[in-house]
Amino acid sequence: MNDNDLYPDVLVIGAGLAGIEASLMLSKAGRKVHLVENTSYTGGTAIKFEEVFSNMECSTCMVAPKQQELLQDKNINLIMLSEIENIGGSSGNFVVKVKKKARYVDLQNCIGCNACFEPCPVSLKNEFEEGLSERKAIYVPCAGALPNVPMIDTEHCIRFKGKKCTACQEACMFDAIDFNQKDEQIELKVGAIIVATGFNIYDPKQVPQYGYGKIDNVYNAFEFERLYASNGPTEGKILIKNGKTPKSVGIIHCVGRDKKGYCSSVCCMYSLKFNHYLTSKIPEVKISEFYTDFCIPGKSHQKFYEKMKNTGTNLIRADNIEIAKKGQGIVIGYNGGNGKQNSATVDMVILAPAIIPRDNTSDLAKILGINVDDYGFFKEEDKNVSSVVSSKPGVFIVGCSQGPKNIQESVSQATAAVGKILSMS
Amino acid sequence: MDRKIGVYICECGPNISEKVDIDRVIQAVSSLNDVAVVERYKLLCSEDGKKFLVEQIKKHGITHLVVAACSPREHQQTFMEICENAGVNPYLFQLANIREQCAWITDDKDKATKKAIRLTKAAISRIRYHAPLEKKQIESNPDVLVIGGGIAGIEASLQLASPDRQVYLVEKTSSLGGMITNFEKTYPDMRPCSEILKQKMDDVDKNDNIKVFTDSEVAELLGFFGNFQVKIKTKAEEIDAVNFDVGAVVLATGSTLFDPQQISQYGYKKFDNVITSLEFEKMNLSGRITLKNGKNPKSVGIIHCVGRDKKGYCSEVCCMYSIKFVRYLKDKLSDVKVSNFYSDLCVPGKSHQQFYEKTQGKNINFIRAESIEITKKGDQLSIKYQDEKGSKNNQVVDMVILSPALEPSSDSSVLSEFTGISQGDGGFFEEEHEKLGPVTTSTEGVYIAGCSQGPKNIPDTIIQAEAVAGKILSSLIPGKKIEPEVKVSHISESFCIGCKTCLDVCSYGCITFNETKKVSVVNEVICRGCGNCVAACPSGAASLKHFTFNQIYQEVKEAVK
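Protein sequence lines, in the order shown, are assigned to chains A and B.
Reading the first sequence from the start, the letters are residues 2 to 426 in the numbering used here.
Reading the second sequence from the start, the letters are residues 505 to 1065 in the numbering used here.
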């Protein structure tokens, strides 16, 4: 960049796979990157998954080398537990204010031995594990989180409620616990911004006939991912509430699709993946998949579908699904396409909910000065020009924050945004 | 040179010291050959620890460094940097993992200590056979060859071309634009394709840094990342060939349609008025939708998923463009009756379902059907099908449009041979990694974009083209040299028996055969050090730097003794 008035640094918001990929590439091109992440860890949603479709690669093994590379990259300034407060200026000359919350654990001194967890007197539900296990007030979200450095949750830590507790500090042999850390405001000067804030899933409670939150053993997709994860609450054992292995499972596609008005593009594929999860751990399990249309676009996905079909899974085209408790089991009532009302009784139900924007998407859009679309995702200016270009020059939108998509498409968009930025100069 | 091995054992606070008797480890390794110093330290990765190591190396004149500490994942790089700072080649370093593999996996201190001793001794045995490795730098050419002048090739060229980077855009037909020049409009916004294309074509025209070759094909492609030599054959000119050098190659050769003649029950080319989606696009673009007899059709059947079963994949765009065809038909012939015969409606993404929902109305039907057969009935066509409830039905129409599967274009196989990249599922170019490397390939410096990589719509094609630009702009920087992998394979000329086994197993196309000497040769610039050739070589001629037979053998021998 010859023009000294333009800032060469880049701000990336969100340290999921898309954000990491963009940051690493920009760094390779010699750019300084500020990567702002609002949690205490990197890797985003992909690290919740044990395996990814369609080649069933271990997700952690796929993401961890990228995370390691990120943490060791001297051109990348990773700012965690942080939010964007304000953005001024325009393309080439953005001034960004970031609010960084104190971690109260020193990133350099901590070696990740976890000795501080045990003595902490506070226990509460672990959000990363979808509430299926407990954590302490000082914690990492799951084993293998990177950076492997805990944070103190000041909302629940009793020291931050006026008590004199120093249990974690006493347990730490490396002087890593620092109660004197303060929240900071950081100012960054960047030329371009990549927004990669990811997605959430639709709350099935909004469609009461699925029984979610009311009936035991009705899980959403994230909860089931954690039940299968070897670093999850059951260390990978698929169990129902009574501690037994389910003998029959119903997987419901398109949960919330009608309400949201779009197909989330990945649910058919990950539901088939769940099929694989189940049969690999419980070979004799009976699985029924209740779908509307099988959406498995692309060159490699139908192959996976056919493999799953051959495992004996019952594929049922269904609508008007209603789920009710029946004794120890769950009964799934449905209309089976031929117009007839049917039902199936299962031990466990997994719901595949629509992909939706993160809660803070519209707030962040306001701060960034970009538009959101009818569905609440960040809006591309013109997707026939480029779907990563937002309504504001210099601000690029990638991954599921722009719309539902799989990992390959998210990475492509991240890489495309880097292309746009590097060709700007 | 005398070998002076320094062995440093990290206590990792209590993490190692409480489970491993470090003094016993020191005792066990102190008297080993070449071991000059053995020390323990409370935390070697701390700032004080790093300083301590640098001082020790200098003070004792350490030539080889062994650290017994944590996982290489954690601190391999940290200690290699310490070596560099202290003037020792970073490959004269070995890490023994006595934390994750000893201290953290048992409460039995005796067992943990014994294993720690084995691992530390193994590291010492190995390091005796380490050789210093040097980073290499090679000159590279920043220019780019883009093959295929469709929307993907155009977009990639526009993103890449700059005063310090020439782009050569090679198109086999007589004009740029590719597949979408046949389309009137794009879904779901029904924008004229000519509008989308015109802007981009004008930009290509105006760009001095893009050289366009139409009516041209690649005749020869040699070399490797940063240094390819290209020969172009041009039909139009009398000149034999054009030669130039580039640093990277982009394959954007697009797709073609599955030939419906392969499935006889669709009646394609047997009956009049059975046409493919592409033929219908062209007819619609001409402004008039007519039957063979010149009249307008009163009823049209659109058949989805033609050839899907044979190809084994869903082509992603057919449902959406079939819905678009309903719009075309209704725009031009408002009374026409249109029926879509589909298997599963595939409308992924945030704005596609809405397009489908808005394309409903009088005389528009969507019928879930299978076992479709088309026969002639007088001047008309009869579509026989089985509906969702299993009953057999039949609809008579004037015109049938078939929506066939997308296939990679016919150039794919020859380009796959030229570049050494493979054709994967469905014959489409295979990406380096399904998730993380969608536009890179097993051959460094060769990139893929658009429908040549797999079926996709226009916006996704543009994204891939821009992604290719991102990859090239971040790795092939004008004036900057390329730093290839250091831990690469080497094939000994005197041991090679010329069996060529290694050529078959190399995934990166970096081994060539020297016909004069009858030996295989590794191109160290593109070798990624995977070790396939080493494992396959029957004569022991291939070896991988930093993972030589002796290095591994000595390490394992000591570990299992």
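For glycine and all other residues, C-beta sits at the position ideal for the given N, C-alpha and C.
Keep in mind that this is a model prediction, so the values were computed, not measured.
inquiry  = So Y595 (chain B) contacts chain A; which residues on that side make the cut at Cβ distance below 9 Å?
reply    = Sequence index remark: in the second sequence, residue 595 (chain B) carries index 91 (1-based). Result: empty, since nearest Cβ-Cβ is about 18 Å, beyond 9 Å.
message = By DSSP's criteria, T677 (chain B) is part of a beta bridge. Which residues make up the other side?
response = Here residue 677 (chain B) refers to the residue found at position 173 when the second sequence is read from its first residue. Its beta-bridge partners do not exist; DSSP assigns none.
request  = Have a look at the DSSP bridge pairing and note the partners of E84 (chain A).
outcome  = Along the first sequence, read from residue 1 onward, the residue named residue 84 (chain A) stands at position 83. Its beta-bridge partners are A:K100.
ask   = Taking all protein chains shown into account, do 16 or more other C-beta atoms lie within 10 angstroms of the C-beta of S402 (chain A), making it buried, or fewer, making it exposed?
value = Here the question's residue 402 (chain A) lines up with position 401 in the first sequence. Buried.
key: Neighbour flag for P56 (chain A) against chain B, beta carbons, 8 Å   = As a working mapping, residue 56 (chain A) is identified with position 55 in the first sequence. One point to set straight first is that residue 56 (chain A) is Asn, not Pro, in the sequence displayed. Yes, N56 (chain A) counts as interfacial toward chain B.
request  = For Y817 (chain B), go through chain A and note every residue whose CB falls closer than 9 Å to its CB, in chain order.
outcome  = In the second sequence, residue 817 (chain B) corresponds to position 313, counting from 1. Under the 9 Å cutoff, chain A gives I297, P298, G299, K300, S301, H302, Q303, K304.
task = Could you check what DSSP says for M2 (chain A) in three-state terms: helix, strand or coil?
result = Within the first sequence, the letter at position 1 stands for residue 2 (chain A). With a pLDDT of only 44 at M2 (chain A), under 50, the local geometry of the prediction cannot be trusted, and the value read off the model is given with reservation. Correct three-state label for M2 (chain A): coil.
message = Please tell me whether M309 (chain A) has its Cβ less than 8 Å away from any Cβ of chain B.
response = By 1-based counting over the first sequence, the position of residue 309 (chain A) is 308. By this cut-off, M309 (chain A) is not an interface position.
query = Just the Cα atoms here: how many angstroms apart are N3 (chain A) and D744 (chain B)?
reply = Translated into positions along the first sequence, residue 3 (chain A) becomes position 2. Translated into positions along the second sequence, residue 744 (chain B) becomes position 240. Legend: pLDDT at N3 (chain A) = 48, less than 50; position of this residue unreliable, no value from coordinates given.
message = Going by DSSP, what residue range makes up the beta strand (DSSP E) through E188 (chain A)?
response = Residue mapping note: residue 188 (chain A) aligns to position 187 of the first sequence, counting from 1. First-last of the beta strand (DSSP E) with E188 (chain A): 185-191.
query = If we count the other Cβ atoms within 10 Å of its Cβ and call it buried at 16 or more, is R577 (chain B) buried or exposed?
reply = For the purposes of this step, residue 577 (chain B) is identified with residue 73 of the second sequence, where counting begins at 1. Label assigned to R577 (chain B): exposed.
query = If you count every other CB in all the chains shown that lies within 10 Å of the CB of F583 (chain B), and 16 or more means buried, which is it?
reply = What you label residue 583 (chain B) is simply residue 79 of the second sequence in a count that begins at 1. The residue is buried, with at least 16 neighbouring Cβ atoms inside 10 Å.
key: Min CB distance R1032 (chain B) to chain A below 8 Å   = Mapped onto the second sequence, residue 1032 (chain B) falls at position 528. By this cut-off, R1032 (chain B) is not an interface position.
key: For H994 (chain B), three-class secondary structure by DSSP   = Here the question's residue 994 (chain B) lines up with position 490 in the second sequence. Residue state, collapsed to three classes: strand.
inquiry  = Quick check: is any heavy atom of the ligand SAH less than 7 Å from the C-beta of T293 (chain A)?
reply    = No copy of the ligand SAH appears in this structure; indeed no ligand is present at all.
Cα-Cα separation between C62 (chain A) and Y105 (chain A), rounded to whole angstroms = Within the first sequence, the letter at position 61 stands for residue 62 (chain A). Within the first sequence, the letter at position 104 stands for residue 105 (chain A). If you take the alpha carbons of C62 (chain A) and Y105 (chain A), they lie about 29 Å apart.
inquiry  = In this structure, how does DSSP classify R136 (chain A) when only helix, strand and coil are distinguished?
reply    = By 1-based counting over the first sequence, the position of residue 136 (chain A) is 135. Three-state result, R136 (chain A): strand.
request  = Go through its chain and collect everything with a Cβ distance to K715 (chain B)'s Cβ below 6 Å, but skip five positions before and after it.
outcome  = Here residue 715 (chain B) refers to the residue found at position 211 of the second sequence. So the list reads Y672, once near-sequence residues are dropped.
request  = Mark F180 (chain A) as exposed unless 16 or more other C-beta atoms lie within 10 angstroms of its C-beta, in which case mark it buried.
outcome  = For this step, residue 180 (chain A) is matched to residue 179 along the first sequence. By the 10 Å Cβ count, F180 (chain A) comes out exposed.
task = For K975 (chain B), collect the residues of the same chain with a Cβ closer than 7 Å to its Cβ; drop the 5 residues on either side in sequence, then sort them by chain order.
result = For the purposes of this step, residue 975 (chain B) is identified with residue 471 of the second sequence, where counting begins at 1. V943, T944, Y951, listed in sequence order.
ask   = So is D107 (chain A) in contact with chain B if we call contact Cβ pairs under 8 Å?
value = On the first sequence, position 106 is the one that residue 107 (chain A) refers to. No - not a single Cβ of chain B is within 8 Å of the one on D107 (chain A).
ask   = Going by the CB atoms, is the gap between V539 (chain B) and I609 (chain B) shorter than 8 Å?
value = In the second sequence, counting from the first residue as 1, residue 609 (chain B) sits at position 105. In the second sequence, counting from the first residue as 1, residue 539 (chain B) sits at position 35. No.
ask   = What's the gap between the Cα of P405 (chain A) and the Cα of V267 (chain A)?
value = Here residue 405 (chain A) corresponds to residue number 404 of the first sequence, with the count starting at 1. Here residue 267 (chain A) corresponds to residue number 266 of the first sequence, with the count starting at 1. Cα-Cα distance, rounded: 8 Å.
ask   = Does the region 1048-1063 of chain B come within contact of the region 621-639 of chain B, defined as at least 3 CB pairs closer than 8 Å?
value = Yes, since at least three Cβ pairs between the region 1048-1063 of chain B and the region 621-639 of chain B fall closer than 8 Å, the two stretches touch.
message = Is the beta carbon of L637 (chain B) closer than 8 Å to that of K960 (chain B)?
response = Along the second sequence, one-based indexing puts residue 960 (chain B) at 456. Along the second sequence, one-based indexing puts residue 637 (chain B) at 133. Going by beta carbons, K960 (chain B) and L637 (chain B) fall outside the 8 Å limit.
ask   = In this structure, what does DSSP give as the bridge partners for Y376 (chain A)?
value = Numbered from its first residue, the first sequence carries residue 376 (chain A) at position 375. Beta-bridge pairing links Y376 (chain A) to no other residue.
inquiry  = Assuming I520 (chain B) and R603 (chain B) are in contact, meaning their beta carbons sit under 8 Å apart, how far apart are those beta carbons, in whole angstroms?
reply    = As a first step, residue 520 (chain B) must be located in the second sequence, where it is residue number 16. As a first step, residue 603 (chain B) must be located in the second sequence, where it is residue number 99. With a Cβ gap of about 5 Å, I520 (chain B) and R603 (chain B) count as contacting.
inquiry  = For S363 (chain A) and F397 (chain A), I'd like the C-alpha separation in whole angstroms.
reply    = The residue you call residue 363 (chain A) lines up with position 362 of the first sequence. The residue you call residue 397 (chain A) lines up with position 396 of the first sequence. Cα-Cα distance, rounded: 15 Å.
query = What whole-angstrom Cβ distance do L557 (chain B) and K625 (chain B) have, given they're in contact under 8 Å?
reply = For the purposes of this step, residue 557 (chain B) is taken as residue 53 along the second sequence, with counting starting at 1. For the purposes of this step, residue 625 (chain B) is taken as residue 121 along the second sequence, with counting starting at 1. No, L557 (chain B) and K625 (chain B) are not in contact; Cβ-Cβ is about 21 Å, not under 8 Å.
query = Going along chain B, which residues have a C-beta under 7 Å from N385 (chain A)?
reply = Here residue 385 (chain A) refers to the residue found at position 384 of the first sequence. T690, R695, I700, I962, P963, listed in chain order.
query = Residues of chain A with a CB under 7 Å from the CB of A973 (chain B): which are they?
reply = Taking the second sequence and counting its residues from 1, the one referred to as residue 973 (chain B) is at position 469. Neighbours of A973 (chain B) on chain A, chain order: G420, S424.
request  = Establish whether the CB of K639 (chain B) and some CB of chain A are separated by less than 8 Å.
outcome  = Start at 1 with the first residue of the second sequence, and residue 639 (chain B) comes out as number 135. So, not an interface residue.
message = Let me see if you follow: with CB-CB separation under 8 Å, is N3 (chain A) close to chain B or not?
response = Counting from one through the first sequence, the residue named residue 3 (chain A) turns up at place 2. Bear in mind that a pLDDT of 48 at N3 (chain A), under 50, signals an unreliable position, so the number given afterwards is only what the model happens to contain. Chain B, which has no Cβ nearer than 8 Å to the Cβ of N3 (chain A), makes this no.
ask   = Should M694 (chain B) be labelled buried (16 or more other beta-carbon atoms within 10 Å of its own) or exposed?
value = Locating residue 694 (chain B) in the second sequence gives position 190, where the first residue counts as 1. The residue is exposed, with fewer than 16 neighbouring Cβ atoms inside 10 Å.
L536 (chain B) - containing beta strand (DSSP E), residue span = Along the second sequence, one-based indexing puts residue 536 (chain B) at 32. Unbroken run through L536 (chain B): none, as it is neither H nor E.
ask   = So which residues of chain B does P405 (chain A) contact, with C-beta pairs closer than 8 Å?
value = Taking the first sequence and counting its residues from 1, the one referred to as residue 405 (chain A) is at position 404. By Cβ distance, chain B contributes P852, G853, K854.
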